[in-house]
Structures are given as C-alpha cells and as structure tokens.
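The opening residue of the sequence shown carries number 181 in my numbering; numbering runs sequentially from there. Backbone N, C-alpha and C define an ideal beta-carbon position, used for all residues, glycine too.
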Amino acid sequence: FVRLADTPERLNQVRIDTQQADAILACDVVVGASADALQTVRHGRTRVLANIHEIPVAESLRNPDAELHVDLLLEKMRFVAGEAQVETFDAQSLAEEFLGDTLAANIVATGYAWQRGLVPLSLEALMHAIELNGVAVAANQSAFSLGRLAAGDPAALDQLRAAPLQAQQADERPLDALLADGCQHLTGYQNAAWAQRFEKRVRTLQAAESALPGGDARLPFTRNAARSLLKLMSYKDEYEVARLYTDDAFLRKLKDQFEGDLQLEFHMAPPLLSRAGHGQRPVKIRLGAWMLPAMKWLAHGKRLRGTKFDLFGYTQERRTERAMIIQFDHRLDQLVAELSPANQQLAAQIAALPLSIRGFGHVKLANLALATEREAELLHRFAPQRYPRPEKKAQAGHFKGIAVVSQ
181 FVRLADTPER LNQVRIDTQQ ADAILACDVV VGASADALQT VRHGRTRVLA
231 NIHEIPVAES LRNPDAELHV DLLLEKMRFV AGEAQVETFD AQSLAEEFLG
281 DTLAANIVAT GYAWQRGLVP LSLEALMHAI ELNGVAVAAN QSAFSLGRLA
331 AGDPAALDQL RAAPLQAQQA DERPLDALLA DGCQHLTGYQ NAAWAQRFEK
381 RVRTLQAAES ALPGGDARLP FTRNAARSLL KLMSYKDEYE VARLYTDDAF
431 LRKLKDQFEG DLQLEFHMAP PLLSRAGHGQ RPVKIRLGAW MLPAMKWLAH
481 GKRLRGTKFD LFGYTQERRT ERAMIIQFDH RLDQLVAELS PANQQLAAQI
531 AALPLSIRGF GHVKLANLAL ATEREAELLH RFAPQRYPRP EKKAQAGHFK
581 GIAVVSQ
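Here it is in structure tokens:
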C-alpha cells in the first residue's frame, strides 16, 4: 500500500480503503490477484499493471511441476477492474535480456508504470531517490529507463534487441581476445593444461579457415567453434557451481546489490541427496548458509573432475556432458576436412549448435535432442553425399504433412 499526497496532512491513514486504489502495480501476479489487493479495486477506475512472469512460490520448491495459472489470475484481475483497465508485461524477461539478471526487475516495473502514468512523481525526483538509496545507482537507473522504453517505444526496444544478436552472430571481437578470455576462464575452471587444449584446437581451426581461397575473412566457423567449445569444456557441474558461489566477485556483487546482513539459502538438487524416481525431476532441497564454507572445499575438488574419484561424474548428465566434448571435437575434424568457401557459412551454423543447448537436467536433454535434429539437417546440406537426408518425424498438429492451423 502506497499513498501519495501533496502535503503530509492529507496522509491520514496507511492502508487504502475498499475500492479506493487509483492503480495497482502487480510485480507478482499471485499477490496482485490476492483478496487484499483486489478489494481496493474499483471497476472501471483502478488501473492495473501486471507483471506476468511466473515468480516461484513456496509450493514451487516442494513441487517443481506446480503451475501458477497466470491466465486465471489475470482473468480474476480483469473481472474486478474491467478488461480495459488491465495491462501486462514481463519485467524479469526484460531485465535478464538487457541487464543480465533479474535483480532489478521491480525497478524495471516501476519505470514501466511511470511511463504509463501510474506513478505521479517527476522523473527528477525518482532519479534522485535512486541516488539517495546509494545501492547500484547506475544499474537501477538503467533498469528504470529500460522499463520506460518498453512501455513508451516497443519498436526502439526491438531495435536494441536485434543489435546484440547481430553482434553475437558476427562476433566482432578479435579472435585473440576471444581466446584470451576463454583461456582465462578455463584455467580457473580446471587448469592451464585444459586451457591450452582449447587454444591449440582453435588455432588449428583458424589456420584451416584462413587458408580458404576467397572465404569469409571474419572466420565465422572458427569463432563459433571457439565459443561452442568453450561452453562444452566448462559445463557447470558441482565443482564449478561451488567455485562460482565462493568467488570473491560474487560476494562483492551481493554486497553491492543488497544492504545489511545477508542471510543466504541455497535451493539445490544434488544427485547424492535429492530424491527422484525413474523419469522424474529431482526434488530441490533447502540448504543453509553453512553450505558456503562447505562449497569452498568442494571447489577444490575440481582436480577430481573426470577421474575415477569423481563421485559426481558417474551421473548420466555428467557422462553426457563429457561425451559432448569428444563428439564436438570429432565433428570439427569432419567439417574442416570438407571446408570450402561454398559451405563455410553452413559449417559456422553447425559449429554454433552447442550454444543452443541450455539449461540443466531434463531441460538440457530436451535442448540437446533439438540440436541433434537441427545438426542432421545442416549436415545434409553441408555434404549431401556423406550425410543422408534425415527422416521426417510425425509431429502433433500435422495431418499428412500439412500443418493444422486455426483460422
């Protein structure tokens, strides 16, 4: 409940009376659709701005398959306020896409609401308030501006969205800089020998692609292969998660973002402790702050990675991740053997496929399956004589190969 007035005398109570709210900024749709919030709404008067991102509730920790039914919560809001009074957006997705994390999602939501006229304060006052707060000032001001842009000029936002994608695809960084960053990361991830293996492999690809007569001088195949190989060679297992959590940079970032004494909890599904039946998702368990010093010890266990003493390495997911490195290395040899200016761009697309294999557990396996199907299609186009045309699988929503669509 937030009450605003031009003088302190007009603020004679804290809570907002029944049907007296001018606006609701529902950063969480579950709270926004609660009885406490909706009783302040007057049909046709109160404006509602709802963040439709599914924010996990307590039940989500116990049951990963729990659904929030956002559509029903929005229907509830529209019934009380009126269809035209409810507007939706996704603050977390905007924050993660443009700012790199979701910590500033509520500031993004506030900027969105201000641009829509729901916050009757001047821009100067709000910017000054962020400065006075003294926590991540530049980041919070950027988040506020991002919310304003999303509300006021979606077309400009789309242009910003396309620009990083084009830069990522072109990868305009010098290859030497890419290799230097990759080697630094892999040295911390495992050791110097692991980083040297990465650099040696990429330099071999660079030499082969550079020798192509009339090929693309930007070396798209080598760049994509380097980025994919870096991703595969630094898969996030238990040792890496422990290393990242105990890194000084992570702790400094926490202190920059939050004030006071932090109480940390970890929600994890370690394979040796979490319970999961056959074909089911592992159940996350809640671990206290004592995990932080324990993870410092676990981070040193990276020396065991891939050896017979690696207790975590025997899981199916870890075996798959190690096999993907070998398989990708073999695929690069096949591509280099038949690389030409005519198929250079196709080779670059194939080399970028591991970048699409995101997530963990069942999510990662599903993305791996999709990437494998895509790879079969691209390989056939790359060298039809060597790689046969993949068989078309029947898909739901199709009838005799014709997509079924609604009019």
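Assumed close pair residue i, residue j - CB separation to whole angstroms, cut-off 8 Å
{"i": "Ala331", "j": "Gln295", "result": "4 Å"}
{"i": "Gln200", "j": "Thr220", "result": "6 Å"}
{"i": "Glu420", "j": "Tyr494", "result": "Glu420 to Tyr494, Cβ: 17 Å. No contact."}
{"i": "Gly291", "j": "Ala323", "result": "7 Å"}
{"i": "Leu597", "j": "Val260", "result": "Because the chain in this structure spans residues 181 to 587, residue 597 falls outside the shown range and cannot be described."}
{"i": "Thr282", "j": "Ala275", "result": "5 Å"}
{"i": "Ala206", "j": "Ala230", "result": "4 Å"}
{"i": "Pro534", "j": "Leu412", "result": "6 Å"}
{"i": "Ala285", "j": "Gln272", "result": "5 Å"}
{"i": "Val382", "j": "Leu399", "result": "The pair is not a contact, with the Cβ atoms about 10 Å apart (cut-off 8 Å)."}
{"i": "Thr426", "j": "Leu472", "result": "7 Å"}
{"i": "Ala305", "j": "Leu253", "result": "Contact doesn't hold; Cβ gap of about 32 Å is too wide."}
For residue i, the nearest candidate out of the options (CA to CA)
{"i": "Ala556", "options": "Ala527, Gly541 and Gln265", "result": "Ala527"}
{"i": "Ile235", "options": "Gln496, Arg225, Pro534 and Val209", "result": "Val209"}
{"i": "His365", "options": "Ser414, Gly394 and Asp333", "result": "Ser414"}
{"i": "Ala357", "options": "Arg381, Leu442, Ala406 and Ala264", "result": "Ala406"}
{"i": "Ala551", "options": "Arg499, Ser408, Ile465 and Val182", "result": "Ser408"}
{"i": "Arg227", "options": "Ala293, Val543, Ala375 and Ser520", "result": "Ala293"}
{"i": "Leu484", "options": "Pro534, Gln339, Asn371 and Ala316", "result": "Asn371"}
{"i": "Leu515", "options": "Leu545, Arg502, Arg341 and Ile530", "result": "Ile530"}
{"i": "Arg328", "options": "Gly314, Leu283, Leu519 and Met307", "result": "Met307"}
{"i": "Asp338", "options": "Glu277, Ser390, Gly395 and Arg383", "result": "Glu277"}
{"i": "Glu379", "options": "Lys544, Leu355 and Gly262", "result": "Leu355"}
{"i": "His233", "options": "Asp270, Thr500, Cys363 and Ser536", "result": "Asp270"}
{"i": "Trp470", "options": "His447, Lys482, Asp490 and Phe489", "result": "His447"}
{"i": "Gly224", "options": "Phe508, Ala503 and Asp202", "result": "Asp202"}
{"i": "Asp513", "options": "Glu389, Ala285, Pro334 and Gly440", "result": "Glu389"}
{"i": "Ala517", "options": "Thr384, Leu535 and Leu340", "result": "Thr384"}
{"i": "Met257", "options": "Asp197, Val211 and Arg398", "result": "Val211"}
{"i": "Gln437", "options": "Asn320, Gly541, Gly362 and Gly539", "result": "Asn320"}
{"i": "Trp477", "options": "Arg423, Ile465 and Ala185", "result": "Arg423"}
{"i": "Asn404", "options": "Ser325, Leu392 and Arg353", "result": "Arg353"}
{"i": "Leu434", "options": "Leu303, Asn523 and Val315", "result": "Val315"}
{"i": "Glu589", "options": "Ile287, Leu279, Ser302 and Asn313", "result": "Because residue 589 is not part of the residues shown, which for the chain are 181 to 587, the question remains open."}
Start-to-end residues for the alpha helix (DSSP H) that takes in residue i
{"i": "Phe378", "result": "Ala372 to Ser390"}
{"i": "Leu358", "result": "Leu355 to Tyr369"}
{"i": "Leu409", "result": "Pro400 to Met413"}
{"i": "Phe430", "result": "Asp428 to Gln437"}
{"i": "His510", "result": "Gln496 to Ala517"}
{"i": "Phe540", "result": "Taken as a continuous stretch (DSSP letters only), Phe540 belongs to no alpha helix (DSSP H), as it is neither H nor E."}
{"i": "Trp294", "result": "Ala285 to Gln295"}
{"i": "Pro473", "result": "Met471 to Ala479"}
{"i": "Leu218", "result": "Ala215 to Leu218"}
{"i": "Gly212", "result": "Val209 to Gly212"}
{"i": "Val421", "result": "Glu418 to Tyr425"}
Residues that DSSP places opposite residue i in a beta bridge
{"i": "Asn313", "result": "DSSP, once it has assigned bridges, lists no residue as partnering Asn313."}
{"i": "Leu550", "result": "Leu550 pairs with nothing; no bridge assigned."}
{"i": "Leu268", "result": "As written in the sequence, residue 268 is Thr, which differs from the Leu given in the question. In the DSSP output, where bridge partners are listed per residue, Thr268 has Ala230."}
{"i": "Ala203", "result": "Arg227"}
8 Å Cβ cutoff, residue i in contact with chain D
{"i": "Arg554", "result": "This model lacks chain D altogether, as it is built from one protein chain only."}
Run of the beta strand (DSSP E) containing residue i, from where it starts to where it stops
{"i": "Ile530", "result": "Element bounds for Ile530: not the beta strand (DSSP E) but the alpha helix (DSSP H), Gln524 to Ala531."}
{"i": "Leu467", "result": "Ile465 to Leu467"}
{"i": "Phe259", "result": "Taken as a continuous stretch (DSSP letters only), Phe259 belongs to no beta strand (DSSP E), being part of the alpha helix (DSSP H) at Val250 to Ala261."}
{"i": "Phe446", "result": "Phe446 to Met448"}
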